[in-house]
Every structure is written in structure tokens, then in C-alpha cells.
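I have placed the structure first, in the form of C-alpha cells, so that the comments after it can refer back to it.
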Amino acid sequence: MAQAAYTTLVESLERELAAQRRVVDFYENYYFGDHQLQAVRKKWEEVYGGALPEMTSNWCELAVNAAAGRLKVEGIIFPTQTGELGEDGGPDEVAAEIWEENGLNTAQAQAHTTAVYAGRSYALVEPPAQGETVSRITVEHPSQTYVRMDPASNRRRLAAIKTWWDVADDGTEGDQHITLFLPNRTYHLTRKRFTTDGMGTYLTPVLIPRTGYSNVDEVDNPLNVVPVVPLDNKPVSLAAAPRLVGKKMLAGTMSDLQPLTPLQDAIQKGVVEMIVIGEAASAPLRWATGVTEPKDPATGKPLPNAEIRSMVTSLLTFPDKDAKVGQLPPHDMSGLIARHALYLRDFGAQSRTPPHYMLGDIVNISGEGLAATETSLSERIREKHGPLGGGWEQATRIACGMQGDLVRFEDKRCKTSWANPEIRSIAQAVDAAMKLFTSKMLPLEMALEMVPGMTAAKIERAVHLLGFPQRGPVPSSLKATEDDPFADIAPGAIPRPGPPRPVVVQPAAAAA
460 MAQAAYTTLV ESLERELAAQ RRVVDFYENY YFGDHQLQAV RKKWEEVYGG
510 ALPEMTSNWC ELAVNAAAGR LKVEGIIFPT QTGELGEDGG PDEVAAEIWE
560 ENGLNTAQAQ AHTTAVYAGR SYALVEPPAQ GETVSRITVE HPSQTYVRMD
610 PASNRRRLAA IKTWWDVADD GTEGDQHITL FLPNRTYHLT RKRFTTDGMG
660 TYLTPVLIPR TGYSNVDEVD NPLNVVPVVP LDNKPVSLAA APRLVGKKML
710 AGTMSDLQPL TPLQDAIQKG VVEMIVIGEA ASAPLRWATG VTEPKDPATG
760 KPLPNAEIRS MVTSLLTFPD KDAKVGQLPP HDMSGLIARH ALYLRDFGAQ
810 SRTPPHYMLG DIVNISGEGL AATETSLSER IREKHGPLGG GWEQATRIAC
860 GMQGDLVRFE DKRCKTSWAN PEIRSIAQAV DAAMKLFTSK MLPLEMALEM
910 VPGMTAAKIE RAVHLLGFPQ RGPVPSSLKA TEDDPFADIA PGAIPRPGPP
960 RPVVVQPAAA AA
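Quick note on numbering: the numbering used here labels position 386 of the sequence shown as 845, and the sequence is numbered without any gaps.
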């Protein structure tokens with residue numbers, strides 16, 4: 460591609476990335492508690508000035524972490540493979556190696572958290588480095604990475620861009636590095652930053668090939684796909700984008716914080732008001748009449764800023780015979796407290812956050828009752844399994860293809876195995892697993908998968924220590940077919956349905 464062509468494309472993608480970055484920064488500020496309420500800041504500064512740090516009551520972080528903390532990928536399953544590749548539905552070993560080598564078992568938490576509060580994060584796939592055999596997958600932030608989708612099909616990626624800046628010796632931004640990803644080729648580009656006497660520091664508009672990146676500036680992509688995959692939180696139709704302009708939303712996906720930011724502002728305003736009013740009304744306001752104003756003995760003039768200050772243990776005495784002292788009723792803050800509780804309930808309902816996460820007045824609740832209160836949160840998490848899992852599946856397939864495994868790359872039936880978002884006690888899980896195993900409804904391995912903390916390696920070790928025979932791949936002679944869908948079932952395990960038995964009507968017995 461000629462330099463003018465990719466320069467124009469990069470500039471276009473940079474504009475779209477800048478628009479995405481504004482939305483991401485907005486929600487990221489709310490997630491980290493920077494709510495930018497100018498009226499509240501002014502009230503706080505009037506009372507405290509710079510003596511105390513600004514008070515923040517941040518419920519957005521709680522709403523995000525409640526869901527992101529239970530989004531846990533256990534593995535990628537390729538159902539078309541055989542033998543050690545997961546015939547029983549277990550995680551694929553090649554995919555597990557890719558995830559382990561890239562630290563995705565830990566990095567996925569970063570991707571899921573960013574996707575929940577910003578609406579989207581990205582997975583960047585690169586071929587194995589020189590001397591290595593495993594592809595690289597990194598989690599990318601949406602403020603640095605952008606993917607342009609095909610307007611005719613929101614599943615096809617046309618191009619992607621990633622940009623970042625070096626840090627100069629003086630701590631300022633240095634050169635800008637840009638990577639342009641196309642289906643057939645990847646370009647590594649740089650904008651140089653120069654300092655000229657009398658002109659200051661400026662960034663050249665010219666894009667030049669970046670050297671020092673594996674000694675190349677242009678890489679072919681034989682897979683013919685853009686190797687940057689969006690991890691969407693809550694997909695929406697691209698056709699709805701024009702109606703959602705100005706609603707702080709990324710094209711094609713939504714943040715969980717979108718309906719919650721107005722409530723967070725109301726909660727933050729109410730908390731600051733309670734603190735400010737509590738400071739002003741913390742001591743009872745007293746009044747006095749018929750009291751001579753203090754004067755300077757030398758001049759006889761009233762003393763400036765003279766006030767009668769009293770503490771609870773002080774005794775006030777006045778020489779004036781007509782002096783009267785009283786006290787105003789204390790300020791009633793019950794209305795502010797009730798309003799705050801109302802906002803929290805509304806916030807919890809809209810975010811589908813369980814009440815015991817937000818309120819401390821739930822006591823003596825049973826385990827079943829606690830699980831029932833988390834039903835809406837569990838469903839909210841399950842809704843994210845589809846879009847996020849689809850992104851992880853694509854990224855894993857591309858990683859397999861980049862290391863030469865075209866069979867897995869072309870297998871679009873792979874699935875993401877997620878951890879159960881419901882929290883159950885070990886006793887409940889063991890009881891359910893035992894009943895399913897003893898009733899011969901599930902084999903031991905599948906029953907052990909229901910127990911929290913039992914990974915594939917632990918299950919294999921447990922089966923070995925218990926003395927059960929190791930299960931290998933199902934022989935082809937026992938595989939299910941259209942004629943015999945029950946062939947996978949071991950003989951004698953479950954009775955197979957047969958032809959209906961004839962109904963025999965017995966003659967009535969003769970009366971004695």
C-alpha cells in the first residue's frame with residue numbers, strides 16, 4: 460500500500476479512535492470515582508476549602524466489580540477434535556497452553572472489567588516471536604485501540620489501529636507509534652516528535668515506517684483476518700447508533716454504567732449535602748438577646764468579629780438583667796437520609812446489584828434466601844457470556860492459526876467454558892453432585908465439575924486416587940449415529956427406550 464493511502468486510512472481511524480476515547484474516559488472517570496460535579500465541588504470548597512480531600516461515594520465501581528468479578532473463563536472447547544483435545548467437553552489443551560503462556564487466566568479480569576464499565580475492550584493476537592511456538596494474545600484498552608467494522612455486517616472487521624506514545628527524557632510525550640492492522644497486512648508506523656529552537660516541540664504529520672520492530676515495518680498476514688478482536692459487553696444494533704448520539708455510547712455496544720451515571724450524580728450530591736449540613740448543624744445553634752455588645756475598654760468602640768462562643772460544659776453569665784439565652788431546635792436530617800436510601804435502592808434495581816451488596820440492614824438470612832437475592836445478578840452476568848465468549852473464541856482461533864493450526868482456526872463451533880456465576884456453598888454443591896452421581900444421571904467426572912474449585916487437573920487426580928478407571932475417547936463403534944442416538948451410553952447404564960408394550964386386558968375375576 461502506498462504511503463498516501465495508509466496515511467489517509469490512519470488519520471480516519473484516529474478520528475474514530477478519538478471519538479471512542481471520549482466515551483471511554485467519561486465512564487472510566489465514573490468507575491474510579493471522579494464524577495466532575497462542579498456544584499458539589501463548590502459546596503465542598505466553601506465549607507472545607509483544601510483542608511480535607513473531596514468526599515466520594517462511588518457506587519459505580521461496586522456495580523461493575525459485582526459482575527466483572529464473576530466473569531471467569533475456564534477454557535475454550537473445540538468439539539471437532541478427538542482424544543486429548545476434549546472429547547468429553549473439557550477445555551482444549553492447545554487453547555489452554557495459549558492462555559497459560561499469555562497469562563490470560565489473570566489478564567481476562569482486566570479485559571472483563573474494562574468491557575463492563577466502558578462497553579468494550581480488545582484482544583490483540585500476534586504470531587509467535589522468534590524462537591517461540593505459541594502465539595501472543597494481549598488485552599488492549601479501548602483508549603488506545605479501535606476496530607472499524609463493516610457497516611454491511613457487524614461481524615466483519617475491516618481495519619484496526621493501535622496507538623501509543625513514548626516517554627521522552629524530560630517526562631513528556633515522545634514519538635507516537637501507530638500499528639495499522641488490515642486483513643492481509645500489518646503496518647508499523649511512527650510520527651516523530653522534534654524540538655526546534657523558537658518553535659517548541661511538535662509532532663510531524665508524516666507517517667514513516669517504524670524500525671526496530673523485529674527489524675521490519677510491514678508484516679504479511681496469511682490468515683486474511685484483522686487480528687484485533689472486540690470484546691463487547693452488551694451489543695446493540697448498529698442501526699440504533701444514530702438515535703444514541705449524545706448518550707455516551709460506543710457504536711455497537713453499551714456500558715453497564717450508562718443508565719447509572721445520573722443516579723450516581725444524585726447520590727454524590729446528597730452525600731456532600733449531608734456532610735456540609737451536618738458540619739453546620741453539628742453543634743446546637745444558640746441565641747442571646749439583651750446582651751451588651753463587647754467593646755474595647757480603651758476606645759469604647761465595639762470589638763470587631765466579637766462572638767459569644769460556648770461549649771456544652773460552659774456556663775454563660777451576663778451582667779445585663781434583661782439578657783435571655785435560648786437554643787434553636789437541631790436540624791432534622793432524616794429526610795436526607797431517606798432520600799439517600801431511596802437513591803441506593805433505585806441504583807441497585809437498575810444495576811441488578813443484590814441488596815446485601817449495598818445495604819447493611821439484611822441480617823439472619825438463609826443460604827437459599829441469599830442465593831435468591833442474587834438471581835438477577837447471575838442473569839446479568841450470563842447475558843455477557845455470549846458476546847464476551849464470542850470474542851475470546853475468535854481470538855483463540857486466530858492464535859491457533861498463527862502458530863500453524865489451521866484446523867482449529869477454521870473450527871467456528873468452538874465454545875467458551877465459563878465458571879458458574881452463582882455462589883453456592885460447598886455443602887450444597889457436593890450434595891447435588893453426589894445425588895446426580897449415585898442416581899447414575901452423571902458420570903463421576905461431570906459430577907466433580909459441579910464442585911467449586913475442582914479444575915480439570917484436580918478432577919483427573921481425584922479419579923485416579925479414588926481408583927476409578929481413566930476414561931479415554933469414545934470408540935467410533937460406540938459413537939452416536941442418526942440410527943442409534945443412544946450408542947454413546949455404556950450398556951446397562953440407562954435402559955434404552957424400546958417399542959411400546961401391548962396392552963393386555965385381563966378378564967375380571969369370577970365372583971366367589
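Don't be surprised by glycine CBs; every beta carbon is placed ideally from N, CA and C.
These figures come from a predicted structure and were not determined experimentally.
| Check | Outcome |
| --- | --- |
| Who are the near neighbours of residue 573 in its chain, counting only those whose CB is closer than 6 Å to its CB and skipping five residues on each side? | 580 |
| Write down the C-beta distance between residue 692 and residue 578 rounded to the nearest angstrom, noting that I regard them as a contact closer than 8 Å. | 5 Å |
| Which residue wins for smallest C-alpha separation from residue 832, given the options 846, 598, 849, 811? | 811 |
| Do you know how far the Cα of residue 890 is from the Cα of residue 942? | Residue confidence for residue 942 is low, a pLDDT of 46 falling below 50, so the modelled location carries little weight and cannot support an answer. |
| Near residue 725, which residues of its chain fall below 6 Å by C-beta distance, leaving aside the five closest residues on each side in sequence? | 802 |
| Could you check the C-alpha separation between residue 689 and residue 553 for me, to the nearest Å? | 22 Å |
| Per the DSSP calculation, residue 522 is bridged to which residue(s)? | Answer by DSSP bridge pairing: none, since residue 522 is not bridged. |
| Within a Cβ cutoff of 6 Å, which residues of the same chain sit near residue 785, ignoring the five residues on either side of it in sequence? | 746 |
| On the three-state DSSP scale, how would you describe residue 922? | helix |
| Have a look at the DSSP bridge pairing and note the partners of residue 608. | 616 |
| Which value, in whole angstroms, describes the spacing of the CA atoms of residue 533 and residue 486? | 28 Å |
| Tell me, which residues are paired with residue 582 by DSSP? | 598, 688 |
| Quick test of the definition: if touching needs 3 or more C-beta pairs under 8 Å, does the segment 793–801 touch the segment 726–733? | yes |
| If residue 687 and residue 606 are in contact, beta carbons under 8 Å, what's the gap, nearest whole angstrom? | 5 Å |
| I'd like the span of the beta strand (DSSP E) that includes residue 632, first residue to last. | 632–640 |
| Taking C-beta to C-beta, are residue 918 and residue 904 nearer than 8 Å? | yes |
| Among 564, 609, 912, 478, which has the Cα closest to the Cα of residue 598? | 564 |
| Which of the three DSSP states is assigned to residue 548 in this structure? | Note that residue 548 scores 49 on pLDDT, short of 50, meaning its location in the model is unreliable; the coordinates nonetheless yield the value given after this. Coil at residue 548, not helix or strand. |
| Once the 5 residues before and after residue 880 are set aside, which same chain residues still bring their CB inside 7 Å of it? | 529, 837, 840, 841 |
| Taking residue 551 as the reference, which of 907, 876, 906 has the closest Cα? | 876 |
| Got a sec, what are the start and stop residues for the alpha helix (DSSP H) residue 793 sits in? | 793–810 |
| When the distance is taken between beta carbons, is residue 483 closer than 8 Å to residue 602? | yes |
| What is the DSSP secondary structure of residue 648, counted as helix, strand or coil? | strand |
| Assuming residue 876 is part of the beta strand (DSSP E), what are its boundary residues? | 874–877 |
| What does the alpha-carbon distance come out to for the pair residue 596 and residue 708? | 26 Å |
| Pull up the distance between the alpha-carbon of residue 722 and that of residue 568, whole angstroms please. | 26 Å |
| Ordered along the chain, which non-local residues of its own chain (more than five positions away) have a Cβ less than 7 Å from that of residue 734? | 514 |
| Would you identify the three-state DSSP class for residue 534, choosing helix, strand or coil? | strand |
| Name the one or two DSSP bridge partners that residue 746 has. | 785 |
| Since residue 677 is in the beta strand (DSSP E), which residue starts that stretch and which ends it? | 677–679 |
| What's the C-alpha gap between residue 623 and residue 864? | 31 Å |
| Within its chain, find whatever has a CB closer than 7 Å to the CB of residue 850; leave out the 5 residues flanking it on each side and keep chain order. | 582, 688, 689, 690, 691 |
| Quick one: residues in its chain with C-beta nearer than 6 Å to the C-beta of residue 868, no 5 flanking neighbours on either side, listed in chain order? | 856, 859, 860 |
| Of all the options 629, 516, 538, 834, which has the alpha carbon lying nearest to the alpha carbon of residue 808? | 834 |
| Taking the C-alpha atoms as reference points, what is the distance between residue 673 and residue 813? | Low confidence applies to residue 673: its pLDDT is 38, below 50, so where it sits in the model is not reliable, and the reading given next is rough at best. Their Cα atoms are separated by approximately 50 Å. |
| Which residues bound the alpha helix (DSSP H) around residue 603? | Residue 603 -> no alpha helix (DSSP H), and no H or E assigned at all. |
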